[in-house]
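Engineer: The structure that follows is given in the form of structure tokens.
Protein chains in written order, with my numbering: chain A, 2 to 143; chain B, 2 to 143.
Right, here's the structure in full:
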């Protein structure tokens, strides 16, 4: 099954990047402004258009979600952020895995994830990300 | 074999987007400033760090390259841009196919391609892209 893969390097310690990935407040700063819910293992984070169950949340190391509702193509997929500190930065190795087919929507989501990971970097490095609905648009009407 | 997939929508006709994808001058404006070589079918485009043989170049429709030299992980891979006009824009459906393994470098390249496709959009819509070496950096030392 095809996966969406990305990597960005953030000039910060993994613990700081984890705060932005592993807490609802953090997620509101770079992905979806109106995020609610719980971010502990077993809880569900509500991003409005989708809901993610937290499978793993290891400070400074790894976040793993499973999509429990949202766009049809997303339900059952897994989103994983692995953190590794090297060369003076935290690399975020990202994977949105388990897509059934490489549909056009998957192409769209791949590009969107890239822009959101750069929004994550901006939040951590500069204090301000670009979460939806103020996210970078990648097509007319996005 | 895993693929890198992306999609952006550009507020322009496919013929204009094709100019930026299917000519050396166009490619210098959004991917690599120092691009040389030939962009007709059977010719090789030289991007410096890699060389792409042109497999197909159909105005307003499709560009298809095969990597003939460059980074080890790229040699033999295929890069395909499909253009489709709908909803007042040209959608660029992008695929970098034929990677042997989903290595960390593939994660990096996926994110870079997203930024270059947005550079392509900026070139076409605003007249100025961000080609290497003045591309958007995605990690410290990129």
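Positions of the beta carbon are idealized from the N, C-alpha and C atoms, including for glycine. Computed from a predicted structure; not experimentally measured.
Please name the residues in the segment 2-31 of chain A whose beta-carbon is closer than 9 Å to at least one beta-carbon of chain B, in chain order.
Structural biologist: Listed by position along the chain: 3, 4, 5, 6, 7, 8, 9, 10, 11, 12.
Engineer: For residue 76 (chain B), which residues of its own chain have a beta-carbon under 8 Å away from its beta-carbon, when the five flanking residues on both sides are left out?
Structural biologist: For the purposes of this step, residue 76 (chain B) is taken as the residue at position 75 of the second chain. 68, 69, 70.
Engineer: Buried or exposed: where does residue 7 (chain B) fall if 16 or more other Cβ atoms within 10 Å of its Cβ makes it buried?
Structural biologist: Here residue 7 (chain B) refers to the residue found at position 6 when the second chain is read from its first residue. Buried, because 16 or more other Cβ atoms sit within 10 Å of the Cβ of residue 7 (chain B).
Engineer: What does residue 142 (chain A) reach in chain B if we use C-beta pairs closer than 9 Å?
Structural biologist: Counting from one through the first chain, the residue named residue 142 (chain A) turns up at place 141. Within chain B, the residues near residue 142 (chain A) are 10, 88, 89, 90.
Engineer: From the DSSP output, in three-state form, read off residue 120 (chain B) for me.
Structural biologist: In the second chain, counting from the first residue as 1, residue 120 (chain B) sits at position 119. Three-state result, residue 120 (chain B): helix.
Engineer: Quick one: any contact between the segment 34-48 of chain A and the segment 7-21 of chain B, if contact means 3 or more CB pairs under 8 Å?
Structural biologist: Short answer: they don't touch.
Engineer: My guess is that residue 108 (chain A) and residue 90 (chain B) are in contact by the Cβ rule of under 8 Å, so how many angstroms apart are they, rounded?
Structural biologist: As a first step, residue 108 (chain A) must be located in the first chain, where it is residue number 107. As a first step, residue 90 (chain B) must be located in the second chain, where it is residue number 89. About 15 Å separates the two Cβ atoms, so there is no contact after all.
Engineer: Based on Cα-Cα distance, which residue from B:124, B:31, B:61 lies nearest to residue 83 (chain B)?
Structural biologist: Counting from one through the second chain, the residue named residue 83 (chain B) turns up at place 82. Comparing Cα positions, the closest option is B:61.
Engineer: How about residue 140 (chain A): is its Cβ closer than 7 Å to a heavy atom in the ligand HEM?
Structural biologist: Within the structure as shown, the ligand HEM is missing, as the structure has no ligands at all.
Engineer: Just how far apart, CA to CA, sit residue 124 (chain A) and residue 42 (chain B)?
Structural biologist: For the purposes of this step, residue 124 (chain A) is identified with residue 123 of the first chain, where counting begins at 1. For the purposes of this step, residue 42 (chain B) is identified with residue 41 of the second chain, where counting begins at 1. Rounded to whole angstroms, residue 124 (chain A) to residue 42 (chain B) spans 44 Å at the Cα level.
Engineer: Going by the CB atoms, is the gap between residue 115 (chain A) and residue 144 (chain B) shorter than 8 Å?
Structural biologist: Summary: the structure shown does not reach residue 144 (chain B), with chain B confined to residues 2 through 143, and so no result is reported for it.
Engineer: Along the alpha helix (DSSP H) that carries residue 47 (chain B), what are the first and last residues, could you check?
Structural biologist: Taking the second chain and counting its residues from 1, the one referred to as residue 47 (chain B) is at position 46. Looking at the DSSP string, residue 47 (chain B) is not in any alpha helix (DSSP H); the run it does join, the beta strand (DSSP E), is 45-47.
Engineer: Excluding the 5 residues flanking residue 56 (chain A) on each side, which residues of the same chain have their C-beta closer than 8 Å to its C-beta?
Structural biologist: Within the first chain, numbered from 1, the residue matching residue 56 (chain A) stands at position 55. If we look at residue 56 (chain A) and ignore the five residues flanking it on each side, its Cβ neighbours are 42, 65, 66, 67, 79.
Engineer: Can the beta-carbon of residue 40 (chain A) be found less than 8 Å from the beta-carbon of residue 132 (chain A)?
Structural biologist: For this step, residue 40 (chain A) is matched to residue 39 along the first chain. For this step, residue 132 (chain A) is matched to residue 131 along the first chain. Not closer than 8 Å, so no.
Engineer: Whose C-beta lies closer than 6 Å to the C-beta of residue 122 (chain B) among residues of the same chain, with five residues either side of it excluded?
Structural biologist: Taking the first residue of the second chain as 1, we reach residue 122 (chain B) at position 121. Only 9, 11 meet the Cβ criterion.
Engineer: Going along chain B in order, which residues have a C-beta closer than 9 Å to the C-beta of residue 79 (chain A)?
Structural biologist: The residue you call residue 79 (chain A) lines up with position 78 of the first chain. The premise fails here: residue 79 (chain A) is roughly 14 Å from chain B at the closest Cβ pair, so nothing lies under 9 Å.
Engineer: Compile a chain-ordered list of the residues in the segment 64-76 of chain B whose CB is closer than 7 Å to at least one CB of chain A.
Structural biologist: Answer in chain order: no residues at all.
Engineer: Would you decide whether residue 135 (chain B) is buried or exposed? Buried here means 16 or more other CB atoms lie within 10 Å of its CB.
Structural biologist: In the second chain, residue 135 (chain B) corresponds to position 134, counting from 1. So residue 135 (chain B) counts as exposed.
Engineer: According to DSSP, residue 149 (chain A) sits in a beta bridge with which residue or residues?
Structural biologist: The shown model of chain A, from 2 to 143, leaves out residue 149 (chain A), and the question about it has no answer.
Engineer: Rounding to the nearest angstrom, what Cα-Cα distance links residue 113 (chain B) and residue 31 (chain B) in this structure?
Structural biologist: For the purposes of this step, residue 113 (chain B) is identified with residue 112 of the second chain, where counting begins at 1. For the purposes of this step, residue 31 (chain B) is identified with residue 30 of the second chain, where counting begins at 1. So the alpha carbons of these two residues sit roughly 12 Å apart.
Engineer: At the level of alpha carbons, what is the spacing between residue 3 (chain B) and residue 127 (chain B)?
Structural biologist: If you number the second chain from 1, residue 3 (chain B) lands on position 2. If you number the second chain from 1, residue 127 (chain B) lands on position 126. Each residue's alpha carbon lies about 33 Å from the other.
Engineer: Could you give the C-beta distance for residue 92 (chain A) and residue 85 (chain A), rounded to a whole number, given that I count them as a contact under 8 Å?
Structural biologist: If you number the first chain from 1, residue 92 (chain A) lands on position 91. If you number the first chain from 1, residue 85 (chain A) lands on position 84. That pair is a contact at about 5 Å.
Engineer: Would you tell me roughly how many angstroms separate the C-alpha atoms of residue 22 (chain A) and residue 28 (chain B), rounded to the nearest one?
Structural biologist: On the first chain, position 21 is the one that residue 22 (chain A) refers to. On the second chain, position 27 is the one that residue 28 (chain B) refers to. Whole-angstrom Cα-Cα distance: 36 Å.
Engineer: Leaving out five residues on either side along the sequence, give the residues of the same chain with a beta carbon under 7 Å from the beta carbon of residue 20 (chain B).
Structural biologist: To locate residue 20 (chain B), count along the second chain from 1; it is residue 19. Taken in chain order, the residues that qualify are 27.
Engineer: In the DSSP output, what is residue 91 (chain B) paired with across the bridge?
Structural biologist: Position 90 of the second chain, counted from the start, is the residue given in the question as residue 91 (chain B). Paired residue(s): B:11, B:86.
Engineer: How far does the alpha helix (DSSP H) with residue 25 (chain A) in it extend, from its first residue to its last?
Structural biologist: For the purposes of this step, residue 25 (chain A) is taken as residue 24 along the first chain, with counting starting at 1. Residue 25 (chain A) -> alpha helix (DSSP H) spans 25-29.
Engineer: Could you run through the segment 115-133 of chain A and flag, in chain order, every residue whose CB is less than 9 Å away from some CB of chain B?
Structural biologist: Within the segment 115-133 of chain A, the qualifying residues are 115, 116, 118, 119, 122.
Engineer: Just how far apart, CA to CA, sit residue 118 (chain A) and residue 18 (chain A)?
Structural biologist: As a first step, residue 118 (chain A) must be located in the first chain, where it is residue number 117. As a first step, residue 18 (chain A) must be located in the first chain, where it is residue number 17. Residue 118 (chain A) and residue 18 (chain A): Cα-Cα distance of roughly 11 Å.
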